[in-house]
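Working notes for the structure below.
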Amino acid sequence: MKSLQFILILFVNLQHFVLLVSAYNEDYTYDVPPPELVPRIIYNKLSLQDLQHQVMSNDGLILILKNFNKKNISATESFFYVSNDYGLTFSRFTPMVDEKPVFVKTKTLYISSDYGQNFDKITEGVESIKFFTDKPLIFIIHDNDMMQVRDMSNNNAIIFQIHAIQGRILYAPSSLIINFMNVKNVFYGLAKYEWNLMIYDFETRQSVAVVLPTLFHLKTLDQYDDLHGHYYIVATDLLENRCLFTSYDKGSYFVTVMCDLSKKTLNTCPVLIHPFLPGVIYANVRPELKLFHTYYSKNDGKMFGKMKIDYQNRACVNGLGDGQFHLPCVYKPYQFFMKEWIISLAGYYGHYQTDQIHFFITFNAGKIWKLVPFSNFPVRIMNEGGIILGLNQSTNKLIYSFDEGNTYYGLSIFDEDQFVIEVAIIGTAEKERAIFYGHDANRSTLLIAHVDFTKILKRTCIMEDYSPWILTRYHGSCYQGQEIIYLKKNMNSTCIDNQTDTEMISKSCPCYLEDFQCRFNYFFKDDYCILDRFSDFKTVNLKCEPEHRPVTPLNGFTKLARGVCSARVWDSNNAGKKAEVCVSNKYSNSMLFKSMKTLFRYELDYMGHHLPKFEPEYVPIPPDVNRTLPFFYDLLNDYIYSVSNYTISSYQKHRDEIYRTELYLLGFNISSLAIDHYMNLSLILDTNSNLFVLCLRTNYAKLLAQNVTDFEYSHNNLSVSLIKSGQICFYRFYSHIECSKTDLDVQKFVYFDDYHYYALHLKNQTLVIYEGSNISLISTQEAFVKVEQVETFGIIKYNLFFTKSAQLIRVDLRYPTRFDLVSDHDFSDLKFSIHVIYSENPYENFSNGCTFHCNPLIKTEDFCYCKEKEVPQKYVCDGQNSDCLKRYCTGFQCESSECLKNNVMCNRINDCRDRSDEKGCSKKCPDSHHLCEKDCIPKNILCSSAVYEYHGISYLDEVENKNRYRRT
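Mapping of the sequence shown onto mature numbering (1 follows the signal peptide of the UniProt record, and there is no 0): residues -23 to -1, 1 to 945, in sequence order.
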């Protein structure tokens, strides 16, 4: 049992409110409990002797003030009884100051730190106070509009005070909010006042000025809470708009969550925040707009759904009906939220409020509710949710259940002419008891009953008595980077649960931007953060860095802090100037996804970050493309390149038609294909592990490497990463190839030259990332990122993307402590590549003013070169030796050294300089056709007899180090 460190007595207009639910009692029926399920009950009484008295309880301590005369406080000598054992015994105390009995002055505050034996006078002129049972703090409102917070652990020192005209306060577990008026301006000697809000945080001992959207003109503060690192406010403006606001970073700026809430009443509020489950909110919608319902959200108010009542005897769809619930404004811990998954509330069936109030309970955090068989007493639980407890006040029967309400038992506990006013659950495990206390008909005797269920529960629970419980949200069980598994006692396990707190297992999971509220000035609606109707913010003022432009529709989403799954602190200085989402005017960053069923692209921002919304742009795939074979989408030209029957074809869209053109007929199967958009290069890996480069402009091919099992072409860098013969290699086409032996079982290796990241995807699906510029040092380094079960991956700038368990994940390699979920899209069977698409050819000024060209006929490794700094090269063929060139020509070899596609023969067009394509023709074809053996066929079809077989040699094993240009 917790003991109170201080007892506070404020003798000024003391009133005691008891919430009584007036309801019609249905004729509930209960089972008679068998002897083995009857609890032990111990009774006690205390005579009140017809004197004025006040009964208060807190955490099991019962305080009874006697001789308490509210009409003449100053003339009354008070004394009181205190019980520290939940009413089994009482001790009498008389308040003492300076060893003399206290004759209390009106509006005077006294504090005792020894359970009421002696009191110290603190201050006078007190209107009201608030005492926090779990903190040594007291909040005081004086009659001169001065508000104070005093620290009782530090000689009652003042730690905060403010002069607040017409001030009122609302309290939360770790802070309070003050609603007060101050002077806005003075006009002709007349002061104009406006309402203000200020939060005082007990933990930081700092005050925060509340800033709501500009056009929301505050009229009343209805509700306040401080939970899960958020401030929550319900307020009404001058136009009677009633809205919920939140500050997700506990700062000054509050975001609109939802409006159109119901009115606050004496004992109920429009919103209820779950104290144990972050992001779970319950809300009553204003009846004037629609039929009244209670809604609940599992993502901090961004999406709401109706709460449903399970009651088979009523006219409900699938046995589930709508309901409306009384949401309490103030609640003690475990009063309404007994466990993370157990909640009990009073409410009504259907859409309309009636006189018939019921109590309901849920065992899944609010999705489905069940009726309890007593309508005028709140629900309690014992044994960590294993026992549901209540009272039928009409009959004074104790009602309880051991199986989540499937079976209820009824047992008389008091006479029917006695009144039960409260129940408290005390102790834990073997010492847990339910304490009912009330009084007789003439209020002269305090009645106390101790109910003990422990004799029914004969053993302590073991691990096998628990099962996992997870709150399933809109995007699975992960929320804000954590998946929490709670251990819930099995319903059929009759044992003593000795866990004082719910056992839980917390696991890190990808951080999802959809779990966070919009930025200040924005409001979440229809999956987007749109401009708040209460904001005067102008999006036209948003600016990006030079040569970039804002993506205005996506600017309202919040930004996350670096390396952690939490919202970034709102920057009020740059908020109205700097756009959060920008793209470049000179290039675009794109991810290209493809599978057997689909092909789509997804745009990234100018730094390669994923955008707040995943909006794929689907690309139609021609029906005759064989999707089981390699195909490649050219994002620059909107072409599709496919492989089928040894043939590489291109598909081009013209207006509404798609045209197929056969490009190359090869004498080998292709296992992988890549295209350079700007240099007109095609990288081809055949099934014999040969890696070729084929120039789409000259149609000549070059064998780059043999025994290659995989490659990755780096677009816009003229380089390729590859795996060959137990080596990982990186090949710059303008320089040379570097290889390093590895003992790792690697299935894919990529070196990202711009930011010096090495990525190795092992055959056991583990992805490891290293940092450096020397490939040979990988074996001596330690990976700074390691992820298991990775299916595919890519890196752009410092952003790593990969798919795992059908999810697309992004990691900022500068702060790799947080993994981001890009989308809840199903990425099963999808592979992706990342591309940078420039509006101008990036190789026109690739390095130091160089314009790069590539020639596969260059003998050495550096077959791409700076045109402005061209030096003598060695070629595979001397001069115009057509017999030699034919070995590297993938099409028709002209005698004048050109290599053309195999669709130029005998069509009355001199494609070769020496007209050799029109020589020896048995017949002439139209210019739209070409000769294939004896027939004229369309130019988009290749001649099946003109198959290219590579007969050249690779010179990579004889590296030429002379006369080569290396990029610096």
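We treat Cβ as the ideally placed atom computed from N, Cα and C, and that holds for glycine.
Beta strand (DSSP E) segment containing Ser485, residue limits: Sequence index remark: in the sequence shown, residue 485 carries index 508 (1-based). That run of the beta strand (DSSP E) goes 481 to 485.
DSSP-derived helix/strand/coil call for residue 947: No information on residue 947 is available, as it lies outside the stretch -23 to 945 that the chain covers here.
Supposed close pair Thr535, Leu519 - CB separation, criterion 8 Å: Within the sequence shown, residue 535 is the residue found at index 558, counting from 1. Within the sequence shown, residue 519 is the residue found at index 542, counting from 1. About 15 Å; that fails the 8 Å criterion.
Exposure of Lys47, with buried meaning 16 or more beta-carbon neighbours within 10 Å: Counting from one through the sequence shown, the residue named residue 47 turns up at place 70. Here the model assigns Lys47 a pLDDT of 38, short of 50, so the residue's position is not dependable, and the following value carries that caveat. Exposed.
CA-to-CA distance, Met280 to Asp13, given in whole angstroms: In the sequence shown, the residue the question calls residue 13 occupies position 36. In the sequence shown, the residue the question calls residue 280 occupies position 303. The sequence given here places Glu at residue 13; Asp does not occur at that position. For Glu13 and Met280, the distance between alpha carbons rounds to 47 Å.
Beta bridge counterpart(s) of Leu658 as assigned by DSSP: In the sequence shown, residue 658 corresponds to position 681, counting from 1. In the DSSP output, where bridge partners are listed per residue, Leu658 has Asp653, Cys672.
Residue of Gly897, Lys896, Pro915 minimising C-alpha distance to Ser905: Along the sequence shown, read from residue 1 onward, the residue named residue 905 stands at position 928. If we check each option's Cα against that of Ser905, Pro915 comes out closest.
Within 7 Å, strictly: CB atoms of Leu215 and Lys196: Residue mapping note: residue 215 aligns to position 238 of the sequence shown, counting from 1. Residue mapping note: residue 196 aligns to position 219 of the sequence shown, counting from 1. Cβ atoms of Leu215 and Lys196: closer than 7 Å.
Per-residue DSSP class, three states only, for Gln362: Locating residue 362 in the sequence shown gives position 385, where the first residue counts as 1. A small correction: the amino acid at residue 362 is Gly; Gln does not occupy that position in the sequence shown. The answer is helix: DSSP assigns Gly362 an H, G or I state.
Extent of the continuous beta strand (DSSP E) to which Ser800 belongs: Position 823 of the sequence shown, counted from the start, is the residue given in the question as residue 800. Where Ser800 is concerned, the enclosing beta strand (DSSP E) stretches over 796 to 800.
When Leu366, Glu715, Phe391, Asn684 are compared against Ser750, the one with the closest alpha-carbon: For the purposes of this step, residue 750 is taken as residue 773 along the sequence shown, with counting starting at 1. Out of Leu366, Glu715, Phe391, Asn684, Glu715 has the C-alpha closest to the C-alpha of Ser750.
Residues bridged to Leu877 [DSSP beta-bridge criterion]: Taking the sequence shown and counting its residues from 1, one reaches residue 877 at position 900. DSSP output for Leu877 lists Phe869 as bridge partner(s).
For Ala651, the nearest candidate out of Glu689, Thr837, Ser229 (CA to CA): The residue you call residue 651 lines up with position 674 of the sequence shown. Closest by alpha carbon: Glu689.
DSSP three-state assignment for Tyr927, whether helix, strand or coil: Position 950 of the sequence shown, counted from the start, is the residue given in the question as residue 927. Tyr927: coil per DSSP, three-state reduction.
Where the beta strand (DSSP E) through Ala736 begins and ends: Within the sequence shown, residue 736 is the residue found at index 759, counting from 1. Residues 734 to 739.
Spatially closest choice to Met359 from Ile403, Lys285, Arg182, by CA coordinates: Walking along the sequence shown from the start, residue 359 turns up at place 382. Checked all of Ile403, Lys285, Arg182; the closest Cα to Met359 is Ile403.
Contacts around Lys112, its chain only, beta-carbon distance under 7 Å, and the 5 residues preceding and following it disregarded: Locating residue 112 in the sequence shown gives position 135, where the first residue counts as 1. Answer for Lys112: Phe179, listed in chain order.
Straight-line gap, Met235 to Asp513 (C-alpha atoms, nearest Å): Along the sequence shown, one-based indexing puts residue 235 at 258. Along the sequence shown, one-based indexing puts residue 513 at 536. Roughly 18 Å between the two C-alpha positions.
Environment of Ala736 [buried if 16+ CB atoms lie within 10 Å]: Locating residue 736 in the sequence shown gives position 759, where the first residue counts as 1. With 16 or more other Cβ atoms within 10 Å, it is buried.
Residues sharing a beta bridge with Leu908, DSSP: As a first step, residue 908 is located in the sequence shown; it is residue number 931 there, counting from the start. According to DSSP, Leu908 shares a beta bridge with Cys913.
CA-to-CA distance, Tyr792 to Ile155, given in whole angstroms: One-based indexing of the sequence shown puts residue 155 at position 178. One-based indexing of the sequence shown puts residue 792 at position 815. Taking the straight line from one Cα to the other gives about 39 Å.
Three-state class that DSSP yields for Met129 in the structure shown: Here residue 129 corresponds to residue number 152 of the sequence shown, with the count starting at 1. Looking at Met129 - three-state DSSP - the assignment turns out to be helix.
Reduced DSSP secondary structure (H/G/I, E/B, other) of Thr529: Stepping through the sequence shown from its first residue, residue 529 is reached at position 552. Correct three-state label for Thr529: helix.
For Cys706: DSSP bridge partner residues: To locate residue 706, count along the sequence shown from 1; it is residue 729. Leu699, Cys716, per the DSSP bridge assignment.
Beta-carbon separation (whole angstroms), Thr422 vs Ser24, contact threshold 8 Å: The residue given as residue 422 occupies position 445 in the sequence shown. The residue given as residue 24 occupies position 47 in the sequence shown. The pair is a contact, with the Cβ atoms about 6 Å apart (cut-off 8 Å).
DSSP three-state assignment for Asn276, whether helix, strand or coil: The sequence position of residue 276 within the sequence shown is 299, counting from 1. Residue state, collapsed to three classes: coil.
Supposed close pair Asp299, Cys246 - CB separation, criterion 8 Å: Translated into the one-based positions of the sequence shown, residue 299 becomes position 322. Translated into the one-based positions of the sequence shown, residue 246 becomes position 269. Between Cys246 and Asp299 the Cβ distance is about 20 Å, and since that is not below 8 Å, they are no contact.
Cα-Cα separation, Asp122 to Val232: For this step, residue 122 is matched to residue 145 along the sequence shown. For this step, residue 232 is matched to residue 255 along the sequence shown. Whole-angstrom Cα-Cα distance: 30 Å.
Rounded separation between Phe96 and His205 - CA only: Working through the sequence shown from its first residue, we reach residue 96 at position 119. Working through the sequence shown from its first residue, we reach residue 205 at position 228. Straight-line Cα distance between these residues: approximately 37 Å.
Residue burial classification, Leu368 (beta-carbon count within 10 angstroms, cutoff 16): Against the sequence shown, residue 368 aligns to sequence position 391. With 16 or more Cβ atoms within 10 Å of its Cβ, Leu368 is classed as buried.
CA nearest to the CA of Ile334, picked from Pro305, Asn353, Glu101, His586: Taking the sequence shown and counting its residues from 1, the one referred to as residue 334 is at position 357. Of the listed residues, the one whose Cα sits closest to Ile334 is Asn353.
Where Ala134 falls, given that 16 or more other Cβ within 10 Å makes a residue buried: Here residue 134 is taken as the residue at index 157 of the sequence shown, counted from 1. So Ala134 ends up on the exposed side.
Distance between Leu643 and Ile886 (C-alpha atoms, nearest Å): The sequence position of residue 886 within the sequence shown is 909, counting from 1. The sequence position of residue 643 within the sequence shown is 666, counting from 1. Taking the straight line from one Cα to the other gives about 25 Å.
Touching by the beta-carbon criterion (3+ pairs, under 8 Å), the stretch 672 to 692 and the stretch 721 to 729: yes
Beta-carbon proximity list for Gln125, same chain, < 6 Å, skipping 5 on both sides: Locating residue 125 in the sequence shown gives position 148, counting from the first residue. Within the same chain, Gln125 has close Cβ partners Ile117, Ile135, Gln138.
Cβ shell of Val596 (< 7 Å), same chain only, five flanking positions each side left out: Locating residue 596 in the sequence shown gives position 619, where the first residue counts as 1. Around Val596: Leu576, Phe577, Arg578, Tyr610.
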